[in-house]
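Here is the structure we will look at, set down as structure tokens.
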Amino acid sequence: MKFGVIVFPGSNCDLDSYHLVRDVLKKEVEYIHYTEKRVGRRDVIILPGGFTYGDYLRSGAIARFSPVMNAVAEFADKGGLVLGICNGFQVLTEAGLLPGALCRNHHLQFRCEQVFVRVDNNSLPFTLSASLGKVLEMPVAHGDGSYYAPPELLEELKANDQIVFRYTDQNGDVTPQANPNGSLENIAGVCNRAGNVVGLMPHPERAGEKVLGSRHGLIIFKSIISYLTGREVVRNV
Amino acid sequence: MSDQDLHRTLGLTDHEYKLITEQMGREPNEVELNMYSVMWSEHCSYKHSRSALKLFPTNSPRVIQGPGENAGVVDIGDGWAAVFKIESHNHPSAIEPHQGAATGVGGILRDIYTMGAQPVAFLNSLRFGNLDTPRGRYLFDGVVGGIGGYGNCVGIPTVAGEVYFEPCYEGNPLVNAMCVGIMPTDQLVLGKASGEGNLVVLVGALTGRDGIHGVTFASEELSEESEEKRPAVQVGDPFVGKLLMDATLEAIGKKLVAGVQDFGGAGLTCALTETASRAGTGIEVDLDQVPLREEDMHPFEILTSESQERMLLIVEPDKLKAVEEVFGRWDLKPAVIGKVVSGEMVTARYQGEVVASVPAASVAGGAPEYSPKSKEPAYFRELANYDPLNMPLPENYGEVMLKLLAAPDIASKEWVWRRYDYMVRTCTLEGPGGDSAVIRIRETGKALAMSVDGNGRHTYLDPYRGGMMAVAEATRNLSCSGAEPIGITDCLNFGNPEKPEIYWQFSQAVKGMAEACRVLNVPVVGGNVSFYNEVQGEAIYPTPVVGAVGLLKDPDKKCTTALRRDGDHLFLLGPQEVSLGGSQYLKSWCGKVSGSLAEVDLEAERDVQDLIRDLINADLVQSAHDLSDGGLAVALAESCLSGRIGAQVNLAPSDYLPLALFGEGPSRVLFSVAPEDADRVSQLIMEAKVESSKIGIVKGDALIISHCDDIILKLEVSAMQAAYEEVFSCIME
């Protein structure tokens, strides 16, 4: 089982994903430089958080043109698992691999804090180890995390069960107070139609060790591992 | 303009001009004079502070590099070292708070990785005027936004800090940024231009007109004309900063560079003359090779520009290609601008002509050392004679407590630190909000504790004791987390040292700090002096800020301020002598900054710190919190708040309850102990001969303080929380 972590200019959570996969999950992982035209033989590609190209212009808007993104699109097209965290989520929406857009937080400030998110779709490779409605405690750290989709798209996302995570309170209730950034309907993460590409603003890779405050993020990685176990498909993109 | 007028305009005195001509053996030309002007500014030359700074102990068995380089380096075992430094960016932040603060963070970041260390944490110490004016709120909001904007983007967590508000900082806020890094000790690189024939390489952002004479601007008082100096404020680009950091560290790790120096104050002039003088070499540069952002820049502008995100590398010719490859991976293009030569002259050519040829050591280190006149200010004795015990007694101590908890100096700073990414790199074991932050070191299994402290009010009332207390408190914060203090870096913020009263404050404070460092056995390994913090002739409180770093051998043993379990015993450790002079109570409840400070017994301080550390490392302590602003009562409240649990406390008999509750003094620690460990702890305290008393227990969901069987204060933790939190959200939003 091979993980790859893409490193764009300005990525800064690449280390955190790499460390979690290697040292906590004990799985094979390598960095993939943004100039690569291929992602090689991988099972999972992670687009990490950070400030690609300084988030100048618009978060993720420049990184999507990196050479490696064509390979990521092809990898996703062939059914490979792609996980975008924070800035990685923004890059995936900009690249059209995930629906919707991430706008400036409604309070216009960067916000770093622990939040709760509820698993609203547990049939994905990324969530199958969680029960439906499971509440996970994870940190957010972003300035542009307010999820938006136009009304028709939102209906489509609901119809296709593409809303994967919502910000809730500790009990799993969707409330305005639980929404850290003004996201539409408290949406914290979505998937593509096929369910093999997921993006979320919270940081599961920062919630993988007890000493860091929460281990709830592990459920996402453990889902991936249990999904892949026994069905590793060697893709070479 | 004659030369004489020019040197005055550039901030040099006639005496200094004469010295320059002597050291050069001739009159400097205009370009050369500009180079001298920036390097002989107070900011770069420390001409008014150098003699006093010699008092600081700078050595210990752990010190690998003391003051004089870009940052201090301290051995932390296992072949690794901690690298840290604090620096001010006060004047730029007064004019343009967002960029001023952002470039302060960017500058201190470069100081750390220039040495070969991976930065792992930022800290900051901030001072503002009151927040009741739009300008005050604008500066506060802008500075916090700037610190976050840079730190968050470069991906280094901002893990600790302090913020205080006093009218004296209204026009001259303080923005002190600290960075801590780690590295294998054998990766240390110094800022030396060694090796004749080696290439002098500039890499990073283009050179523009921003920040020209920024250091000269930083070395004079602020006035109504300061707004016009906005162009002297640099603009930061954290994105390029991040690429430059990663690529530079990779080049250093691959042993591709012989020397590294960042561009900070005084730009190219500083980088060239400092690297040459440290190595005892000369440098020849061709200014036409410097990649420029703007056309038609004058040679002196190229030499003194403080454009951010630039590094100077000294590279052996046969390694240039490899260096280009490393930086090229991030689209950075190193430019060869010159070479190391024999001799001791830094020579700059422009369009084929020599435009400057200066002796490196003279520019970098030839500035005179002044011994300014010192005079005790009139206010000192007057305020010291004030007796706070004459103030009428409050009717309701609960009300006093809630007022103190809601005072911006004490209230929760979450509004500030939630705008900083304090978790990136997933090494933050303790983030902001406690006594000290704790960062794990993946490579060695140990951890670093860090804290930044300073109390301008205390130092104003008694610079000598205030200086001692700054060192004592910063190191005590580390000890309360279980860490052993291994070094400090200091940022000395004062007014105009040419005024004898200000220099008296400065020299007294330095004396006190040095004394504390000696007794507590903690070396000063680097720092920064910021003078001329004055507006219209009115100086700030003398504000020495101490950044302290400690080593936690077993991170699992780290201790926090949070009370934990019902029934735990509460101990108060340390001398009982306290004072209301300069206290938060006197300021927030009585509206006064006056009185004298409690005596500082440094031996007692050392014993208290040693003991609490030993107790923590013997697994006997459930929580520990140092007593500072607001005294025992506020420390109790804070410990209840972070643990979300109540406490019941009995005060020792006292004639004046505000003193017992809110009096402040050094060397005191509040800690809690499991009932089964209480006897053992009492015994160890007795053996250590440290003053201590058992003052109560952890219990329920209210803080109840009694005195001679009367309950004098009873507050639900939720009520304290309501007062303590949301203070800044209400003021700022």
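Protein sequences appear in the order of chains P and D. First residue of the first sequence: 2, per this note's numbering; consecutive thereafter. First residue of the second sequence: 1453, per this note's numbering; consecutive thereafter. For each residue, glycine too, the CB sits at the ideal point set by N, CA and C. Owing to the predicted nature of the structure, the values given are computational and were not obtained by experimental measurement.
Contact with chain D by Asn-197 of chain P, beta-carbon distance below 9 angstroms: no
Taking only three categories from DSSP, how would you classify His-217 of chain P? coil
Measuring only between beta-carbons, confirm whether Phe-52 of chain P sits less than 9 angstroms from chain D. yes
Can you tell me which of P:Leu-213, P:Gly-97, P:Gln-171 and P:Tyr-54 puts its alpha carbon nearest to the alpha carbon of Val-199 of chain P? P:Gly-97
Quick one: what's Ser-12 of chain P bridged to in DSSP? P:Gly-51
Threshold first: 4 residues or longer. Then list the alpha helix (DSSP H) segments lying entirely within the stretch 75-149 of chain P, N to C. 88-95
Tell me whether the beta-carbon of Thr-1668 of chain D lies closer than 9 angstroms to the beta-carbon of Ser-1489 of chain D. yes
Alpha-carbon to alpha-carbon, Glu-1726 of chain D and Gly-1795 of chain D: 14 angstroms
Does the beta-carbon of Gln-2135 of chain D have 16 or more other beta-carbons within 10 angstroms, so that it is buried, or is it exposed? exposed
C-alpha distance - Val-2045 of chain D paired with Asn-172 of chain P, whole-angstrom precision: 48 angstroms
Please classify Val-1981 of chain D as buried or exposed, where buried requires at least 16 other C-beta atoms within 10 Å of its C-beta. buried
Assuming Ala-2076 of chain D contacts Leu-2088 of chain D (C-beta within less than 8 angstroms), just tell me the rounded distance between them. In fact, because the Cβ distance is near 13 angstroms, the residues do not count as touching under 8 angstroms.
Return the residue from the list D:Asp-1770, D:Gly-1780, D:Ala-1812 and D:Trp-1867 that minimises the CA-CA distance to Met-1476 of chain D. D:Ala-1812
Rounded separation between Leu-2109 of chain D and Ala-1961 of chain D - CA only: 31 angstroms
Which residues, taken in chain order from the stretch 112-138 of chain P, show a beta carbon closer than 7 angstroms to some beta carbon of chain D? Arg-112, Cys-113 and Glu-114
Residue closest to Gly-5 of chain P, alpha-carbon to alpha-carbon, out of P:Asp-24, P:Val-25, P:Pro-49 and P:Gly-11: P:Pro-49
Closest Cα partner of Ser-1809 of chain D within the set D:Glu-1950, D:Asp-1530, D:Arg-1478 and D:Gly-2047: D:Arg-1478
Enclosing beta strand (DSSP E) for Glu-1614 of chain D [first to last residue]: 1610-1617
Which runs of the beta strand (DSSP E) at least 3 residues long sit entirely within the stretch 1522-1547 of chain D? Give them in chain order. 1524-1529 and 1532-1540
Who are the neighbours of Met-1875 of chain D on chain P, taking C-beta pairs under 7 angstroms? Cys-113, Pro-140, Ala-142 and Arg-207
For the alpha helix (DSSP H) that Gln-2061 of chain D lies in, which residues bound it at each end? 2054-2069
If you compare alpha carbons, which of D:Arg-2016, D:Gly-2026 and D:Ala-2050 is closest to Leu-2032 of chain D? D:Ala-2050
Please report how far the alpha carbon of Gly-196 of chain P lies from the alpha carbon of Val-73 of chain P, in whole angstroms. 15 angstroms
Whole-Å CB distance - Gln-163 of chain P paired with Val-191 of chain P, under 8 angstroms assumed: 5 angstroms
Residues of the stretch 8-26 of chain P in Cβ contact with chain D at a cutoff of 7 angstroms, in chain order, please. Pro-10, Gly-11, Asn-13, Cys-14, Leu-16, Asp-17 and His-20
Taking any Cβ of chain P, which residues in the stretch 1775-1797 of chain D have a Cβ under 9 angstroms from it, in chain order? Arg-1781, Trp-1782 and Asp-1783
Under a Cβ-count criterion, where at least 16 other Cβ atoms within 10 Å of its own Cβ denotes burial, should Cys-14 of chain P be classed as buried or exposed? buried
Do Asp-24 of chain P and Arg-1894 of chain D have their C-beta atoms closer together than 9 angstroms? yes
Would a C-beta distance cut-off of 9 angstroms place Val-1987 of chain D and Gly-1790 of chain D closer than the cut-off? no
8 angstroms Cβ shell around Glu-37 of chain P - same chain, five flanking residues per side excluded: Pro-68, Val-69 and Ala-72
Within 9 angstroms (strictly less), CB to CB, does Lys-2009 of chain D reach chain P? no
From Lys-2151 of chain D to Asp-2161 of chain D, what does the alpha carbon distance come to, in whole angstroms? 17 angstroms
By the criterion of Cβ-Cβ separation under 7 angstroms, what are the contact partners of Val-6 of chain P in chain D? Correct list: empty, because the minimum Cβ distance to chain D is about 13 angstroms.
Can you tell me which of D:Asp-2131, D:Ser-1933, D:Gly-1979 and D:Ala-1924 puts its alpha carbon nearest to the alpha carbon of Phe-1418 of chain D? Nothing can be reported for residue 1418 of chain D: it is not among the residues displayed for chain D, which extend from 1453 to 2185.
Could one say the Cβ of Gly-200 of chain P lies closer than 9 angstroms to chain D's Cβ atoms, at least one of them? no
Rounded straight-line distance, which links the Cα of Arg-1589 of chain D to that of Glu-1676 of chain D: 19 angstroms
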